[in-house]
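Encoded structure:
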């Protein structure tokens with residue numbers, strides 16, 4: 030039986046983007062041939078690494094990450110347009126995956142970023158792969174912007190969280206889009222205890238940051254209206270903006286299949302939850318494809 034060729038669109042959404050791994054695994058195991066990928070932010074990262082043929086290396090690495098490991102990957106920056114430089118993470122990924130040019134990848138790949146000054150989306154489909162990924166992942170105020178051909182580029186999800194347009198000219202059988210901003214569903218509220226053993230000043234500092242993030246998460250998960258705080262408002266406002274844009278993009282460029290990942294599946298920084306997020310991606314992909322195939 031001939032495999033269906035696929036243009037795959039991978040959306041932005043922080044750690045929820047780990048679900049893209051499960052999406053890709055399920056598709057490739059079930060008769061789908063991915064011949065084109067367009068991605069924003071984490072979608073660009075996962076799609077780009079898959080295009081190099083080394084997604085299994087990234088998968089194994091990320092499944093071993095614990096909370097402190099995630100924090101150690103953050104190279105904090107002060108007064109440079111963002112809290113985190115992002116170079117440490119990109120260098121770790123380059124060491125694992127290698128240096129690749131987008132033009133040399135086995136199929137079409139586009140990373141979408143946002144031109145901060147001209148307020149336009151930018152399609153990166155040439156040049157060093159990880160430079161394009163770094164630009165596409167530069168969340169405003171979190172990661173420092175990337176200088177590219179005289180432009181200051183930030184996260185692609187700012188203007189196009191589901192970049193379907195770069196795939197419109199593809200000669201494939203179907204287009205599948207992964208929406209990481211789907212309506213929230215009821216999720217378990219139990220949180221694992223913070224277990225760390227800091228043994229020096231640097232460890233103790235990271236422990237304080239970790240505890241701060243856990244406290245923020247607990248506040249976000251509270252249902253009482255009176256408990257909403259500044260972080261809650263900022264987080265929910267950003268989610269509302271991105272969710273609205275995502276709905277418009279899906280309406281304007283309707284893909285053949287939409288795989289919906291609930292927007293409350295994880296907090297944006299919870300990269301230590303890889304195993305369950307990957308499994309969630311597999312489950313949602315099966316549900317979406319089975320639903321289409323039974324019609």
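Numbering (my numbering), first residue to last: 30 to 324.
For every residue, glycine included, the Cβ atom is placed at its ideal position computed from N, Cα and C.
- For residue 320, which residues from the same chain have a beta carbon less than 8 Å from its beta carbon, with the 5 sequence-adjacent residues on both sides left out? none
- Please classify residue 85: does DSSP put it in a helix, a strand, or coil? helix
- Query: Going along the chain, which residues of its own chain have a beta-carbon closer than 6 Å to the beta-carbon of residue 67, five neighbours each way excluded?
  - Reply: 38, 139, 192, 195 and 196
- Task: Classify residue 12 as helix, strand or coil using the three-state DSSP reduction.
- Result: An answer regarding residue 12 cannot be provided, because it is not within the stretch 30 to 324 covered by the chain.
- Message: For residue 326 and residue 154, I'd like the C-alpha separation in whole angstroms.
- Response: Summary: the structure shown does not reach residue 326, with the chain confined to residues 30 through 324, and so no result is reported for it.
- Do you know whose CA, among 77, 120 and 206, lies nearest residue 162's CA? 77
- For residue 279, I'd like the list of residues in its chain whose CB is within less than 8 Å of its CB, leaving aside the five on either flank, ordered along the chain. 191, 193, 206, 208 and 287
- Report the option in 81, 47 and 291 whose CA atom is closest to the CA atom of residue 301. 47
- Message: At a threshold of 7 Å, does residue 52 count as lining the ligand ZN (C-beta to nearest heavy atom)?
- Response: The ligand ZN is not part of the structure shown, which contains no ligands of any sort.
- Kindly indicate which residue of 174, 97 and 123 has the alpha-carbon position closest to the one of residue 83. 123
- Label residue 212 either buried or exposed according to how many other C-beta atoms from any shown protein chain fall within 10 Å of its C-beta, with 16 as the threshold for buried. exposed
- Any idea if residue 88 is buried or exposed, counting beta-carbon neighbours within 10 angstroms, 16 or more meaning buried? buried
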